Amino acid sequence: GQQVMQIPQYQHVQEGEDFTTYCNSSTTLSNIQWYKQRPGGHPVFLIQLVKSGEVKKQKRLTFQFGEAKKNSSLHITATQTTDVGTYFCAGQRGTSYGKLTFGQGTILTVHP
Amino acid sequence: NAGVTQTPKFQVLKTGQSMTLQCAQDMNHEYMSWYRQDPGMGLRLIHYSVGAGITDQGEVPNGYNVSRSTTEDFPLRLLSAAPSQTSVYFCASRLQGSNQPQHFGDGTRLSIL
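Which chain is which? The protein sequence lines are A and B, in order. Just so you know, we're using this note's numbering here: the first sequence kicks off at 1 and counts up by one. Just so you know, we're using this note's numbering here: the second sequence kicks off at 1 and counts up by one.
Next comes the structure, spelled out in structure tokens:
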């Protein structure tokens, strides 16, 4: 079945440093979504990428979708303590009847 | 709007007991799903439904049943609880069609002793 691998599992940074998490799928995706989960909370949708090579930005967050539509990344510039949480990617295939396959998530800790 | 509402928020069960986790949404979303979240394993799909009367299995369906008698409700039943089912359970809903974001409930933290 479809697998979505996400690395790293953990990332500790000092406030102001950059952060990147990577997502790789074993199959070509129709789209990829990114979610953020604050400690003790539920996943919250951040963004969706659909086109090959697509790049989207949300303030300090930059999302990329690979040319082959099998990998994606989330980059945060100059992290803040409000960025702490777990970041998940979730891939969808065109034939999967809308099912999302989540990566394992990257837990981000930001030290002030 | 309340969004996606899950009850209870916390539950402790003994091995062998049964229970139902409730999930309701008021956004008229056709697609609903149940996930379990375990450390280091992300969110794994248990069951999903594309509309009232239609359900299907996800990645880890064993030990769980679902039904979808209305658009709003999608309960998850544990038939005979096992310690391996200790987890955080999330219900999610979204509009039908591809490229739609999922809206998650606050989760149910379930411990099986």
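Don't be surprised by glycine CBs; every beta carbon is placed ideally from N, CA and C. None of the values given here were measured: they were computed from a predicted structure.
is_contact[residue i, chain A] using C-beta, thresh 7 Å
{"i": "residue 38/B", "result": "no"}
{"i": "residue 107/B", "result": "yes"}
{"i": "residue 89/B", "result": "no"}
{"i": "residue 21/B", "result": "no"}
Endpoints, the beta strand (DSSP E) within which residue i is located
{"i": "residue 91/A", "result": "85 to 92"}
{"i": "residue 38/B", "result": "That residue, residue 38/B, is in no beta strand (DSSP E); it is neither H nor E in DSSP."}
{"i": "residue 36/A", "result": "31 to 37"}
{"i": "residue 71/A", "result": "71 to 76"}
{"i": "residue 94/B", "result": "87 to 94"}
{"i": "residue 108/B", "result": "108 to 112"}
{"i": "residue 44/B", "result": "43 to 51"}
{"i": "residue 42/A", "result": "Premise fails: residue 42/A is in no beta strand (DSSP E) and is neither H nor E."}
{"i": "residue 12/A", "result": "10 to 14"}
{"i": "residue 25/A", "result": "19 to 25"}
{"i": "residue 5/B", "result": "4 to 7"}
{"i": "residue 68/A", "result": "Run containing residue 68/A: none; DSSP gives neither H nor E here."}
Any C-beta of chain B under 7 Å from that of residue i
{"i": "residue 12/A", "result": "no"}
{"i": "residue 45/A", "result": "yes"}
{"i": "residue 91/A", "result": "no"}
{"i": "residue 103/A", "result": "yes"}
Assigned exposure category for residue i - 16 Cβ within 10 Å defines buried
{"i": "residue 42/A", "result": "buried"}
{"i": "residue 18/A", "result": "exposed"}
{"i": "residue 101/A", "result": "buried"}
{"i": "residue 38/A", "result": "exposed"}
{"i": "residue 71/A", "result": "buried"}
{"i": "residue 113/B", "result": "exposed"}
{"i": "residue 6/A", "result": "buried"}
{"i": "residue 53/A", "result": "exposed"}
{"i": "residue 57/B", "result": "exposed"}
Proximal residues of chain B, C-beta to C-beta of residue i below 7 Å
{"i": "residue 29/A", "result": "Ordered by position in chain B, no residue passes the 7 Å Cβ test against residue 29/A, which lies about 11 Å from the chain."}
{"i": "residue 50/A", "result": "99"}
Where residue i meets chain A, residues with beta-carbon distance less than 9 Å
{"i": "residue 102/B", "result": "33, 35, 43, 45, 90, 100"}
{"i": "residue 53/B", "result": "By Cβ distance, chain A contributes nothing, its closest Cβ being about 15 Å from residue 53/B, past 9 Å."}
{"i": "residue 45/B", "result": "99, 100, 101, 102"}
{"i": "residue 58/B", "result": "99"}
Cross-chain neighbours of residue i in chain A, by beta carbon under 8 Å
{"i": "residue 78/B", "result": "The premise fails here: residue 78/B is roughly 20 Å from chain A at the closest Cβ pair, so nothing lies under 8 Å."}
Under 9 Å by beta carbon: chain B residues contacting residue i
{"i": "residue 9/A", "result": "40"}
Within chain A, partners of residue i - CB distance below 7 Å
{"i": "residue 64/B", "result": "Under the 7 Å cutoff, chain A gives no residues; its nearest Cβ is about 16 Å from residue 64/B."}
- Contact between the stretch 19 to 29 of chain A and the stretch 72 to 90 of chain A: three or more CB pairs below 8 Å? Yes, the stretch 19 to 29 of chain A is in contact with the stretch 72 to 90 of chain A.
- Flag this pair as touching only if the stretch 10 to 24 of chain B and the stretch 99 to 113 of chain B have three or more C-beta atom pairs under 8 Å; answer yes or no. In this structure the stretch 10 to 24 of chain B touches the stretch 99 to 113 of chain B; the number of beta carbon pairs closer than 8 Å is three or more.
- Message: Tell me whether the stretch 32 to 41 of chain B and the stretch 82 to 89 of chain B touch, counting them as touching only if at least three CB pairs, one residue from each stretch, are closer than 8 Å.
- Response: Under the 8 Å Cβ criterion, the stretch 32 to 41 of chain B counts as touching the stretch 82 to 89 of chain B, having at least three qualifying pairs.
- Between the stretch 67 to 79 of chain B and the stretch 47 to 54 of chain B, are three or more C-beta pairs nearer than 8 Å? Yes: at least three Cβ pairs fall under 8 Å.
- For the stretch 67 to 85 of chain A and the stretch 6 to 15 of chain A, state whether three or more C-beta atom pairs, one from each stretch, are separated by less than 8 Å. Yes: at least three Cβ pairs fall under 8 Å.
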